[in-house]
Amino acid sequence: MTVTTRPADTTATDGPDASSPHAYDVGLLLLRVVLGLTLAAHGAQKLLGWFGGGGIEGTGQFFAMSGYPSGEAMAVIAGLTETLGGLGLIFGLLTPLAGAAVLGTMINALAVKWGGGFFAPEGVEYEVLLAAAAAGLALTGPGRLAVDRYLPGLRAHRLVYGVAAVVLAVLLAGLVLLIRN
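Going by the numbering used here, the sequence shown opens with residue 981, and the numbers climb by one from there.
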């Protein structure tokens, strides 16, 4: 009796299909775009009052009531962080830093909402999901369908970039939380 084995499937990395996207590249693109659009829209709510948001003034009042000093300045910082981080994720531009921006913002959102349980509407499940997705993208990189692919230093994403970005996000979010009353 003889056993016949099939050769390993190499079409994903060799031959004419080598430049076509892998399934994980398309999956990462989908995750980046949906997360990026969500965060950019949240940033536009804070900065411009779009999509039913409070704008800088209304968001600033919320930040002040939540114990942050200089509520309007914090609204601008949060709005810019969400908008620029979201756009970075959409385009796959400086992805580890974009993911870190979203993660840091979500750490602060978790601190504000903590105590309402896990499940919505008062819980933190939404913020946990956004934070985990952002950290995951910072760690994995954007995939091949991204602007980072064309930047010499980021062309080949390294785990150390993602780890450094996540550590930076946690440290900066912690510093912001230290100034909160």
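Where a beta carbon is used, it is the ideal one built from N, C-alpha and C, also for glycine.
| Asked | Found |
| --- | --- |
| Alpha helix (DSSP H) segment containing Ile-1070, residue limits | 1051-1071 |
| Extent of the continuous alpha helix (DSSP H) run through Pro-1076 | 1075-1093 |
| Ala-1112 burial status per 10 Å Cβ neighbour count (16 or more: buried) | exposed |
| Whole-Å CB distance - Gln-1041 paired with Gly-1033, under 8 Å assumed | 12 Å between Cβ atoms; not a contact. |
| Presumed contact (8 Å Cβ cut-off) between Pro-1076 and Tyr-1004, rounded CB distance | So it is not a contact: roughly 17 Å between Cβ atoms. |
| Tyr-1130, buried or exposed, once every other Cβ within 10 Å from all chains shown has been counted against 16 | exposed |
| Proximity of Ala-1021 and Phe-1043 at Cβ, strictly below 9 Å | no |
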